Amino acid sequence: MNKKLLKKQNPKIYIVTNEGELKAVFLEKEEADEYAESQFDKAIEDAAKEYGYDLDSESGFDKASYQAGYDGGPWEVTHIRYNKIKEDGDIECEDCTVPANEVLDMLKKL
Numbered sequence: 290m291n292k293k294l295l296k297k298q299n300p301k302i303y304i305v306t307n308e309g310e311l312k313a314v315f316l317e318k319e320e321a322d323e324y325a326e327s328q329f330d331k332a333i334e335d336a337a338k339e340y341g342y343d344l345d346s347e348s349g350f351d352k353a354s355y356q357a358g359y360d361g362g363p364w365e366v367t368h369i370r371y372n373k374i375k376e377d378g379d380i381e382c383e384d385c386t387v388p389a390n391e392v393l394d395m396l397k398k399l
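In our numbering, the protein residues as written are 290 to 399.
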């Protein structure tokens, strides 16, 4: 992504974290939310397989959801304006603090 264009437009940057780690960066909220939700859905499926829960039953789905949250924690989406990111600083997210340079590196790959 063009740094000058980002600076001029000053978009919201959506940061996805899980268990205190930076997982992804997006320029669109919907994309960030979809990514976080798909990762949690995958965690539910993995928990169902590992613990033998039946996802077709409400009880099995609830147990798998709880286990997925317990095993992998929540997937959080935090937003920040591009111009608020300081290259040598940190960004406070919902569940952790991430290095700004890691967010900027991911932005370059978009």
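Just so you know, even glycine gets a beta-carbon here, dropped at the ideal spot from N, CA and C. In this text the structure is predicted, and so the values were computed from the model without any measurement.
With C-beta atoms as the reference, is aspartate 377 less than 8 Å away from threonine 386? no
Grouping DSSP H, G and I as helix and E and B as strand, with all else coil, what is lysine 397? helix
Just verifying my parser: in three-state terms, what is the DSSP assignment at glutamate 317? coil
Check this for me: beta carbons of tyrosine 243 and lysine 312, under 8 Å apart or not? Outside the shown range of the chain (290 to 399) lies residue 243, about which nothing can therefore be said.
Between the stretch 352–370 and the stretch 323–330, do three or more beta carbon pairs fall short of 8 Å? yes
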